[in-house]
Amino acid sequence: MSDKLIRAISKDGLMKAAAVSTRGLTERARQIHRTLPVATAALGRTLAAASMMGNALKEDGASVTLQIKGGGPLGTLLAVSDNQGNVRGTVENPAVELPLREDGKLDVGAAVGNQGTLTVIRDLHMKEPYVGSIGLLWGEIAEDVALYFVESEQIPAACGLGVLVDRDQSVLAAGGFLIQLLPGAPDEMVSRIEASLMAAGPVTSLLAANPDPEDLLRRALDGFELDILERSPIEYRCDCSRERMERALISLGPDELRALIDEQGQAELTCRFCDNVQVFAREQLEALLDGMNRKK
Numbered sequence: 006m007s008d009k010l011i012r013a014i015s016k017d018g019l020m021k022a023a024a025v026s027t028r029g030l031t032e033r034a035r036q037i038h039r040t041l042p043v044a045t046a047a048l049g050r051t052l053a054a055a056s057m058m059g060n061a062l063k064e065d066g067a068s069v070t071l072q073i074k075g076g077g078p079l080g081t082l083l084a085v086s087d088n089q090g091n092v093r094g095t096v097e098n099p100a101v102e103l104p105l106r107e108d109g110k111l112d113v114g115a116a117v118g119n120q121g122t123l124t125v126i127r128d129l130h131m132k133e134p135y136v137g138s139i140g141l142l143w144g145e146i147a148e149d150v151a152l153y154f155v156e157s158e159q160i161p162a163a164c165g166l167g168v169l170v171d172r173d174q175s176v177l178a179a180g181g182f183l184i185q186l187l188p189g190a191p192d193e194m195v196s197r198i199e200a201s202l203m204a205a206g207p208v209t210s211l212l213a214a215n216p217d218p219e220d221l222l223r224r225a226l227d228g229f230e231l232d233i234l235e236r237s238p239i240e241y242r243c244d245c246s247r248e249r250m251e252r253a254l255i256s257l258g259p260d261e262l263r264a265l266i267d268e269q270g271q272a273e274l275t276c277r278f279c280d281n282v283q284v285f286a287r288e289q290l291e292a293l294l295d296g297m298n299r300k301k
C-alpha cells in the first residue's frame, strides 16, 4: 500500500484531524541515511508530523520545516514538507544505539533528549517565514508536537506518531494522526477524545493491523462522526538539483572556489536529504569561476 494522507472534520464542525500512513517514505529515509532502529523511529515520527503540518498549508509553494534539537545522542532532527504533504528529512547521528526501554520498546525519548527545543518554520513566501519554538518536555515527538500547538498557537491538540521496525531493521509500519479542536469546542470534548485515544491503543498497533490512515483515524476517534475532506498520496520527495548545487558552489565566493579547484581539482556534492550526488569536474568549476569574475 502506498503512503497516504487524509484530512477530516467532525460533522459538528468542532474538530479537524489528519492522519498519515508513511511506511514507504520512512523506509526510504532509512535507506538513504542508513539509520539504526532508534534513529529510524525518531526520524519517521518527525517526517509523519511534518507531512501533516505541511499539508495543512494551501498556498502554492508553501512549506513547513520541523526542527528538533533535544540534546540527546541523535543530535538534530529535521523534516521539511511541501503543501501537499510530501516530505524529506535527516538526522544528525543516524547510527545511535541505545538499550530498549523496560517495556521492550525503542527509547526514542532518550535518543532525542528533552533539554532543547522544537521549532516550526512556516514559509508562506511572504517577506519573512513564521517561526515558532517551544522547549521540549518529553522528546517522544508526538507529545511535544501537541504541546507546540497548545503553547505556540493556542490550539488544543492531540498527536499520535509511531514507527514499527522489523528484526532486519526495515520499517514494518509508520504514520500517525494530528487532532485539533476548533473554536467553540466544549471542554468535555477534550476528555472524550482522550478516552477514545486511550481505548484505541498505540499507533503502531493500529497501523500494523491496517495501514489505511482513514481506518487509523476512525479507530482513534471512535464515537465521533467524521467527514473525509481529502485523500492524497504522499512520498519522500527531495527538491535538490544540479542547479541548486551549482548555486551552492557559487555562494562560496571566488576565493574559496579558487582554493577548492587548486586543492581538490573537482567537487563532489551530496544532498543531505537524499542520495543525489553531483560531481563537478575541474573545467566545470573553472567555468563557474569565470562567470563569477565576469560579473565583478
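Under the numbering used here, the first residue of the sequence shown is numbered 6, with each subsequent residue one higher.
Positions of the beta carbon are idealized from the N, C-alpha and C atoms, including for glycine.
Remember, predicted model here, so these are calculated numbers, not experimental data.
Counting along the chain, where does the beta strand (DSSP E) carrying residue i start and finish?
i: E235; result: 231 to 238
i: M20; result: 20 to 26
i: A253; result: Unbroken run through A253 is the alpha helix (DSSP H), 247 to 255; no beta strand (DSSP E).
i: T81; result: 81 to 87
i: A292; result: Note, A292: premise wrong, no beta strand (DSSP E); alpha helix (DSSP H) at 287 to 299.
i: G94; result: 92 to 96
i: K304; result: Limits of the chain in this structure are 6 at one end and 301 at the other, which puts residue 304 out of reach.
Could you have a look at residue i and say whether DSSP puts it in helix, strand or coil?
i: E148; result: helix
i: A264; result: helix
i: A61; result: coil
i: S7; result: coil
i: R4; result: The structure shown does not extend to residue 4, since the chain spans only 6 to 301, so no value can be given for it.
i: V101; result: coil
i: D128; result: strand
i: E273; result: strand
i: R12; result: strand
i: L226; result: coil
Can you tell me the Cα-Cα spacing of residue i and residue j, whole angstroms?
i: L186; j: M194; result: 9 Å
i: D220; j: L129; result: 31 Å
i: R172; j: A84; result: 25 Å
i: G66; j: N88; result: 7 Å
i: A214; j: L71; result: 28 Å
i: G258; j: G296; result: 11 Å
i: S201; j: A23; result: 16 Å
i: R93; j: L226; result: 28 Å
i: R116; j: T95; result: The question names Arg, but residue 116 in the sequence shown is Ala. The alpha-carbon atoms of A116 and T95 are separated by roughly 15 Å.
i: L231; j: A55; result: 23 Å
i: E288; j: Q269; result: 12 Å
i: L52; j: V170; result: 15 Å
i: L183; j: V25; result: 9 Å
i: L212; j: E248; result: 39 Å
i: K74; j: R299; result: 42 Å
Does the beta-carbon of residue i have 16 or more other beta-carbons within 10 angstroms, so that it is buried, or is it exposed?
i: L123; result: buried
i: N91; result: buried
i: K9; result: buried
i: K21; result: buried
i: A151; result: buried
i: T275; result: exposed
i: S246; result: exposed
i: L234; result: exposed
i: L293; result: buried
i: Y135; result: exposed
i: K63; result: exposed
i: V69; result: buried
i: D112; result: buried
i: D260; result: exposed
For the alpha helix (DSSP H) holding residue i, just list the boundary residues, first then last.
i: A116; result: 113 to 117
Does residue i have its Cβ less than 8 Å from a Cβ in chain C?
i: G90; result: Protein chain content of the structure displayed is limited to a single chain, and chain C is not contained in it.
Task: 3 or more residues per run - each beta strand (DSSP E) lying fully within the region 130 to 217 - done: 135 to 140, 162 to 170, 176 to 186
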